[in-house]
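Note sheet for the following structure.
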Amino acid sequence: MPYKSFDEINQKIREGKAVVVTAGEIKEIVAEKGPEQAAREVDVVTTATFGPMCSSGAFLNFGHSEPPIRMSKVWLNDVPAYAGVAAVDAFIGATELSETKGFEYGGAHVIQDLVAGKKVKLRAESYGTDCYPRKEIETWISKETLNQAYLFNPRNAYQNYGAATNSSDRVLHTYMGTLLPGYGNVNYSTTGELSPLLNDPYYRTIGIGTRVFLCGAQGYVAWQGTQHNPLRERAKNGVPIGSAGTLALIGDLKEMDPRFLRAATFPGYGVTLFVGVGIPIPVLDEDMAFFLGVRDEDIYTNVYDYAVPSRSRPALARVSYRELRSGAIYLNGRRVRTAPLSSVRIAREIAALLKDWIASGRFLLQQPIEPLPTSTRFKTLDLDGPVATDEAGGAREPAGREVVAASCGVGLEEHGICGAEPGLPWAECEARAAERGMRGARPGVLGSEDEGANPIGPACVDCGACTAVCPTGALTISSPDWTLAYRPEACNRCGLCVEACPVRAIDRGLLSISAPNAAEPECESRAVAKSGSWAGVGDAASAEAGATAKKAAGAAENSGARR
Numbered sequence: 000m001p002y003k004s005f006d007e008i009n010q011k012i013r014e015g016k017a018v019v020v021t022a023g024e025i026k027e028i029v030a031e032k033g034p035e036q037a038a039r040e041v042d043v044v045t046t047a048t049f050g051p052m053c054s055s056g057a058f059l060n061f062g063h064s065e066p067p068i069r070m071s072k073v074w075l076n077d078v079p080a081y082a083g084v085a086a087v088d089a090f091i092g093a094t095e096l097s098e099t100k101g102f103e104y105g106g107a108h109v110i111q112d113l114v115a116g117k118k119v120k121l122r123a124e125s126y127g128t129d130c131y132p133r134k135e136i137e138t139w140i141s142k143e144t145l146n147q148a149y150l151f152n153p154r155n156a157y158q159n160y161g162a163a164t165n166s167s168d169r170v171l172h173t174y175m176g177t178l179l180p181g182y183g184n185v186n187y188s189t190t191g192e193l194s195p196l197l198n199d200p201y202y203r204t205i206g207i208g209t210r211v212f213l214c215g216a217q218g219y220v221a222w223q224g225t226q227h228n229p230l231r232e233r234a235k236n237g238v239p240i241g242s243a244g245t246l247a248l249i250g251d252l253k254e255m256d257p258r259f260l261r262a263a264t265f266p267g268y269g270v271t272l273f274v275g276v277g278i279p280i281p282v283l284d285e286d287m288a289f290f291l292g293v294r295d296e297d298i299y300t301n302v303y304d305y306a307v308p309s310r311s312r313p314a315l316a317r318v319s320y321r322e323l324r325s326g327a328i329y330l331n332g333r334r335v336r337t338a339p340l341s342s343v344r345i346a347r348e349i350a351a352l353l354k355d356w357i358a359s360g361r362f363l364l365q366q367p368i369e370p371l372p373t374s375t376r377f378k379t380l381d382l383d384g385p386v387a388t389d390e391a392g393g394a395r396e397p398a399g400r401e402v403v404a405a406s407c408g409v410g411l412e413e414h415g416i417c418g419a420e421p422g423l424p425w426a427e428c429e430a431r432a433a434e435r436g437m438r439g440a441r442p443g444v445l446g447s448e449d450e451g452a453n454p455i456g457p458a459c460v461d462c463g464a465c466t467a468v469c470p471t472g473a474l475t476i477s478s479p480d481w482t483l484a485y486r487p488e489a490c491n492r493c494g495l496c497v498e499a500c501p502v503r504a505i506d507r508g509l510l511s512i513s514a515p516n517a518a519e520p521e522c523e524s525r526a527v528a529k530s531g532s533w534a535g536v537g538d539a540a541s542a543e544a545g546a547t548a549k550k551a552a553g554a555a556e557n558s559g560a561r562r
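Going by numbering that gives the first Met the number 0, 207 is the number at position 208 of the sequence shown; the sequence numbering is gapless.
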């Protein structure tokens, strides 16, 4: 088949004759007609992803005050920004934390507020110079008052990524979300067959200069992303197994849409930014059509044990995205629930919007001015000096955070959640947990009669993080629409989802309102203590777990224990 050039495809776009389809649509075309015919019929395929991308931030220029100041320290809504750029320039990193609010607000929230048109408090200090005599300033800024405000993300749109689980006996709080003890869940990221670099595995059409959809605006690939690792092991179809290529992206923050850029907090880990990225891929030839036909069942990743505090965590299994998206996989012969951190629903929305932009002539393709590297080796940081050790001389493990999973009761101390005595009052149990740096998860009650209330608010991005910790299956997310579903009749109001939600979209009080007749939650930790795992607690598909939970609840009832 003859090769189609970028120029030829752009000319068809200008004339309104280009055939544009989304990544979801091209799969069916390739499967039905084959790569050669698909390449003849289709000109452009729009790919997309929407997920947490920590390596993001924004450059801002505030303009000069009277008298002028050379800002050496800058805070935006009490979040430190890096000011070692120039007199009135700063870079705000998405993961930087507020000095007053901690995990609840950070650089990502500042960026989101600016995109949404809100005012942000600027506070700056300086040592003062002859040419910049002012030593401090405090005022309000917005995207309208800034000279320049552009998103610059050093590492976005990972080409695949490893899934995460937890073999330990405590809850782990990670950038991969909340990981429950005893292989209680598996979390995964990327949008699979919709994701840009998985549809162009060898970077034939995506490179430096590529025009992209970035958070609702037009942006560009500025460079290879940090930790770009193209030499990762690949399957026979060319798709890497695990994290490989990355992109550094840039775009005008002033033009962005808050629907496609969302600040988030992963409990016990920190702040991050959900970033929406869409990349058009020209169907240059049959080979390109073949790559674009990739399906979730053709894309594999490894499941890593995050209980091992090492950069070389053990891989416990290799699974396809079709298996991950089914809602459960098997680890060591045991069924374990899976949950996504990326939003397929919003990724589809981005791909459809970009398709409309191209079809209407608003968005032309940009041929890369330089290809992405294909032979870069990923390096690690090896320490020359002494390594921090514990008292026994072994390498010191990072201090993990545990979580009070439910109200106190008999058996709780067996699991080591807070070491409470049987029947300890909740208030005292919660106080002890606080002393150990743990968080409580307790049902909230609002005293409202509105039984139709939905605890899932409009801030929800349908990422699925809450489904990973829901012990009863009241929260689910699955095909075909990948929209979060809530069944109040199954909810036991334990509140774990409230803690796990990265965008704070779940109202703890409304859990009680939406399910007012739900039975008081049994102490799931008692079941965990008996079974040694969270894997199947409340999982109807796991008879063993159900029997364990029932047995634990019966034992507690017989002992007369009360919550």
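All C-beta atoms in this analysis are idealised placements derived from N, C-alpha and C, irrespective of residue type, glycine included.
Pick helix, strand or coil for residue i, following the three-state DSSP scheme.
| i | result |
| --- | --- |
| residue 240 | coil |
| residue 107 | helix |
| residue 137 | strand |
| residue 358 | helix |
| residue 234 | coil |
| residue 297 | helix |
| residue 155 | strand |
| residue 124 | strand |
| residue 494 | coil |
| residue 269 | strand |
| residue 363 | coil |
| residue 488 | helix |
| residue 63 | coil |
| residue 206 | strand |
| residue 164 | strand |
| residue 349 | helix |
| residue 507 | helix |
| residue 279 | strand |
| residue 472 | coil |
Around the C-beta of residue i, are 16 or more other C-beta atoms found within 10 angstroms, so that it is buried, or is it exposed?
| i | result |
| --- | --- |
| residue 409 | Caution is warranted here: a pLDDT of 32 is assigned to residue 409, below 50, making its placement in the model unreliable, and the coordinate value is therefore given only provisionally. Looking at its Cβ environment, which holds 16 or more other Cβ atoms inside 10 Å, residue 409 is buried. |
| residue 187 | buried |
| residue 242 | buried |
| residue 212 | buried |
| residue 371 | buried |
| residue 139 | exposed |
| residue 31 | exposed |
| residue 377 | exposed |
| residue 555 | Confidence at residue 555 is low in this model, with a pLDDT of 39, below 50, so the placement of that residue should be treated as unreliable; the coordinate-derived value is given next. So residue 555 ends up on the buried side. |
| residue 485 | buried |
| residue 130 | exposed |
| residue 329 | exposed |
| residue 99 | exposed |
Can you give me the start and stop residues for the alpha helix (DSSP H) that residue i sits inside?
| i | result |
| --- | --- |
| residue 40 | 22-40 |
| residue 7 | 5-13 |
| residue 290 | 285-291 |
| residue 76 | Counting along the chain, residue 76 falls outside any alpha helix (DSSP H), and DSSP gives it neither H nor E. |
| residue 321 | 320-324 |
| residue 60 | No alpha helix (DSSP H) holds residue 60; the beta strand (DSSP E) holding it covers 56-60. |
Kindly list the residues whose CB is nearer than 7 Å to the CB of residue i, restricted to its own chain and excluding five residues on each side of it in sequence; keep chain order.
| i | result |
| --- | --- |
| residue 128 | 69 |
| residue 145 | 59, 60 and 61 |
| residue 359 | none |
| residue 310 | 379 |
Note the first and the last residue of the continuous beta strand (DSSP E) segment covering residue i.
| i | result |
| --- | --- |
| residue 186 | 185-187 |
| residue 336 | 333-339 |
| residue 195 | Counting along the chain, residue 195 falls outside any beta strand (DSSP E), though it belongs to the alpha helix (DSSP H) covering 195-198. |
| residue 263 | 260-265 |
| residue 174 | It is not in any beta strand (DSSP E) - residue 174 carries neither H nor E in the DSSP assignment. |
| residue 382 | Premise fails: residue 382 is in no beta strand (DSSP E) and is neither H nor E. |
Please list, in chain order, all residues of the same chain as residue i whose beta carbon is under 8 Å from its beta carbon, the five residues on each side excluded.
| i | result |
| --- | --- |
| residue 331 | 182 and 315 |
| residue 369 | 206, 207 and 208 |
For residue i, verify whether its CB is less than 8 Å away from any heavy atom of the ligand SAM.
| i | result |
| --- | --- |
| residue 331 | Looking at this structure, you won't find the ligand SAM or any other ligand, since it has none at all. |
Enumerate in chain order the residues of its own chain whose CB-to-CB distance from residue i is below 6 Å, with the five nearest sequence positions on each side excluded.
| i | result |
| --- | --- |
| residue 147 | 60 |
| residue 225 | 153 and 154 |
| residue 336 | 184 and 327 |
| residue 289 | 34 |
| residue 448 | Unreliable placement is indicated for residue 448, whose pLDDT of 36 sits below 50; the coordinate value is still reported in the next sentence. Around residue 448: no qualifying Cβ. |
Sufficient close CB pairs (3 or more, under 8 Å) joining the stretch 84-94 to the stretch 252-261: Here the stretch 84-94 does not lie against the stretch 252-261, with fewer than 3 beta-carbon pairs under 8 Å apart.
Determine, using beta-carbon pairs with one atom in the stretch 264-276 and one in the stretch 284-303, whether at least three such pairs fall under 8 Å. No, the stretch 264-276 is not in contact with the stretch 284-303.
Is it the case that the stretch 131-144 contacts the stretch 102-111, given that we only count it when at least three CB pairs across the two stretches are under 8 Å? no
Flag this pair as touching only if the stretch 202-209 and the stretch 119-126 have three or more C-beta atom pairs under 8 Å; answer yes or no. no
When the Cβ atoms of the stretch 71-78 are set against those of the stretch 34-52, are three or more pairs found closer than 8 Å? no
Tell me, please, whether the stretch 283-290 touches the stretch 260-270 by the rule of three or more beta-carbon pairs shorter than 8 Å. no
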